[in-house]
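By the UniProt record's numbering, the letter at position 99 of the sequence shown is numbered 99, and the numbering carries on one by one without gaps. Think of the CB as a built atom: it goes at the ideal place given N, C-alpha and C, for glycine as much as any other residue. Have a look at the structure below before the remarks.
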Amino acid sequence: MWRITTTVFWENYTLKRHNKLNCSRLEYIIFVVAGIGVSILFLHLGGYQFTPRSFLDGILINLKYVWLLYSPVAVVACLGLTIYRPEKGIVLKRCIQKEDYKVIFQIVTRGFNTEAVKRSVSSILYWAPKYLKSYEIWVITEEDVDKDFFESLKELNGEAEKKVKVIYVPRDYETPNNTKYKARALNYALELRRKMKYDLEKTWIYIMDEESIVGEDTILGIIDFIEKEGKKGKLAGQGIIVYSNFWGKNILTSLGDSIRAGDDLSRFRFQGEYGKVLIGVHGSHLLYRADVEDRIGWDFGEIRAEDALFGILINKYFNKAYGWLKGKLYEQSPFSVKDYIKQRRRWFWGILDIIVIRKDVGLIYKIIFLLHILSWLSTMPSITVAYINVLYPTPVPHPFLAVLFGFLKGTLVYTYWKGCQLNLHPLGKDSKWLRVVNILAIPVVAVIEGVAPWYALLTYKSSKNIGYEVIKK
């Protein structure tokens, strides 16, 4: 019999700690002003010259236009950080489920990372019973796994036997569109709920990855969304994912993932408050009412970004039904730089799949996704130009661009700064010195981040032979 033997660190992911997270618009504004100030200072000290001194100068000066490709990302991040009060998107109150509905925590796993799955289920069994009156835990996996382990999940505690359901996707299961990878498992679970006659308007699905850990704030955020936002017509929502679990096991990947948490607080907050999916959604920490899934389905064919496509299709079938989910989900960074790059490569392939393959995605969304990957691809050349500028300083093409570049730099640095705080705060390690270290590490971690999309682009043609890689965590 399997028992919980791992450190139950999720007991420290409390509402009290969550609500103490300090966020302010002023802090972001200070970073932007500082970025602009530094850019203008360097412009002044460098003795700005509009006319290049040599042919090489002209090339190096104009290469700086590549920095502008980050503009769409920075502008949306700025909107998310300034329009909406940060604390209103974070602070929660303790409450017990009052209304009649069921929450299904759905974990999809290939079945290899068994310890991660056990931690994930255990965290739900610890926090959910305290506040939810009706919930289930669905673990979706393949037939060829260690069934002794998966059945043992029902013995983790007295609550588990009633709440945990292990769903084995048959090896011969196929969808009409021959869907593969994670979406295949999600579609099987959807069809199973249809057969079991779940009340779709009273069932909410909460999607998790195998390494996802819930905290007290996660559960309370789900209740808050269903009982408050649901009454406003919101049928799906997503919030902040932090990478606190095993932080520092690989310091480079932990520092690199700061940008993801910062991105959730900024860009993803904007689309959540706006009410429509604009830049896609993550494949975990996604809450939706079951009738939304029933309408859209997961039969997407060989798409590796099923989450982003699902989010876009919410807009197609429902009017401003997307919202901001308070509470965080706790995950972990890849344990190696190699897996970190592979993870990013898979995301890039998935976005390209949507742009190239899907005919039912509108042009405006394809343009948004294209701008996203162009911004991502610009990371490596942008860093290269920055390094060259340190070794051989040249002015910007126009004085006004010093202000714009300062805004872009300030926003990027703040995203790492804030993301680092978000990842460390649940651990009680929120140190400004570590955040400073994260900023100083940007020239290194950004190189790793910049290599991934180019690696993905160059291998996309042969990517069908690789399929969907499971990252070891």
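Any idea which residues DSSP pairs residue i with across the strands?
i           : result
T203        : K102
Y135        : V103
L329        : V214 and I241
E115        : DSSP lists no partner for E115.
Y322        : A236
I448        : Answer by DSSP bridge pairing: none, since I448 is not bridged.
M208        : I107
residue 479 : For residue 479 there is no data in the structure shown, the boundaries of the chain being 1 and 473.
Report the residue from the options whose alpha carbon sits nearest the alpha carbon of residue i.
i           : options                   : result
K320        : I40, V292 and Y274        : Y274
G111        : E210, T411, M196 and W204 : E210
residue 479 : D172, V121, H285 and K133 : Residue 479 is absent from the model: the chain starts at 1 and stops at 473.
Y70         : V445, H398, I383 and I96  : I383
R295        : K328, Y243, Y317 and F9   : Y317
S54         : P395, V169, W454 and K234 : P395
residue 476 : A183, I357 and F42        : Missing from the structure shown is residue 476; the chain here goes from 1 to 473 and no further.
V277        : S39, G362 and L190        : G362
F348        : Y330, K338, G327 and L370 : L370
R85         : E27, D148 and K359        : E27
K231        : E201, K249 and Y243       : E201
N438        : V413, K64 and N157        : V413
L63         : G428, V390, V385 and L434 : V385
G58         : L440, N389 and Y460       : N389
I251        : Y460, K228, F150 and I442 : I442
Y330        : V242, I223, R269 and F407 : V242
D100        : E227, R358, K461 and A402 : E227
I104        : L286, T203, F300 and K328 : T203
W376        : I240, K359 and V66        : V66
Y168        : N177, L156 and E191       : E191
G35         : R193, G410 and K234       : G410
F268        : Q238, G297 and D291       : Q238
W298        : P334, A185 and K418       : A185
K234        : Y181, D291, N178 and R193 : D291
N465        : R304, F407, N113 and E174 : R304
F335        : L391, I471, G327 and A189 : I471
Going by other Cβ atoms of all chains shown within 10 Å of its Cβ, with 16 needed for buried, is residue i buried or exposed?
i           : result
G323        : buried
N187        : buried
D199        : exposed
E11         : exposed
R3          : Residue confidence is low: R3 scores 41 on pLDDT, short of 50, so the model does not pin down where it sits. Its coordinate-derived value is still stated next. By the 10 Å Cβ count, R3 comes out exposed.
M1          : Below a pLDDT of 50, predicted positions are generally treated as unreliable, and M1, at 34, falls in that range; the measurement from the model is reported next regardless. Exposed.
residue 489 : Residue 489 falls outside the range modelled here, since the chain spans only 1 to 473, and no answer is possible.
T5          : A caution first: T5 carries a pLDDT of 41, below 50, which makes its placement in the model unreliable, though a value can still be read off. Result: exposed.
V32         : buried
S258        : buried
C78         : buried
R289        : buried
H425        : buried
E87         : exposed
K195        : exposed
R25         : exposed
S462        : exposed
Y206        : buried
V117        : buried
Y416        : buried
Please determine whether the Cβ atom of residue i lies at a distance below 7 Å from any heavy atom of the ligand GDP.
i    : result
G410 : The ligand GDP is absent from the structure shown, which contains no ligand whatsoever.
Hey, is residue i's beta-carbon within less than 8 Å of any beta-carbon in chain C?
i    : result
I351 : Absence of chain C from the displayed structure is noted, only one protein chain being present.
Item to check | Unbroken stretches of the beta strand (DSSP E), 3 residues or longer, contained in the region 240-313 | outcome: Here the runs fully enclosed are 286-289.
Checklist entry - At which residue ranges does the region 158-188 contain complete beta strand (DSSP E) runs of 3 or more residues, listed in the order of the chain? => result 164-169
Next on the checklist: Which complete alpha helix (DSSP H) runs does the region 354-405 hold, if anything under 4 residues is left out?
Outcome noted: 363-377 and 379-391
Checklist entry - Which runs of the alpha helix (DSSP H) spanning at least 4 residues fall entirely within the region 58-98, listed in chain order? => result 71-82
Checklist entry - Quick check: the region 84-92 against the region 19-28, are there 3 or more CB pairs under 8 Å? => result yes
Next on the checklist: Could you check whether the region 278-288 touches the region 300-310, counting it as contact only if at least three pairs of C-beta atoms, one from each stretch, sit closer than 8 Å?
Outcome noted: yes
Next on the checklist: Taking contact to mean 3 or more Cβ pairs, one atom from each stretch, closer than 8 Å, check whether the region 65-84 and the region 95-112 are in contact.
Outcome noted: no
Next on the checklist: Quick check: the region 122-130 against the region 211-231, are at least 3 beta-carbon pairs closer than 8 Å?
Outcome noted: yes
Checklist entry - For the 8 Å Cβ check, are there 3 or more pairs between the region 335-350 and the region 258-267? => result The region 258-267 and the region 335-350 do not touch, with fewer than three beta-carbon pairs separated by less than 8 Å.
Checklist entry - Three or more C-beta pairs closer than 8 Å, one from the region 444-454 and one from the region 239-256: is that the case here? => result yes
Next on the checklist: Using 8 Å as the cut-off, can you tell me whether the region 158-171 makes contact with the region 133-145, which would need three or more C-beta pairs spanning the two stretches below that distance?
Outcome noted: yes
Next on the checklist: Closer than 8 Å is the cut-off here; do at least three beta carbon pairs connect the region 141-154 with the region 241-248?
Outcome noted: no
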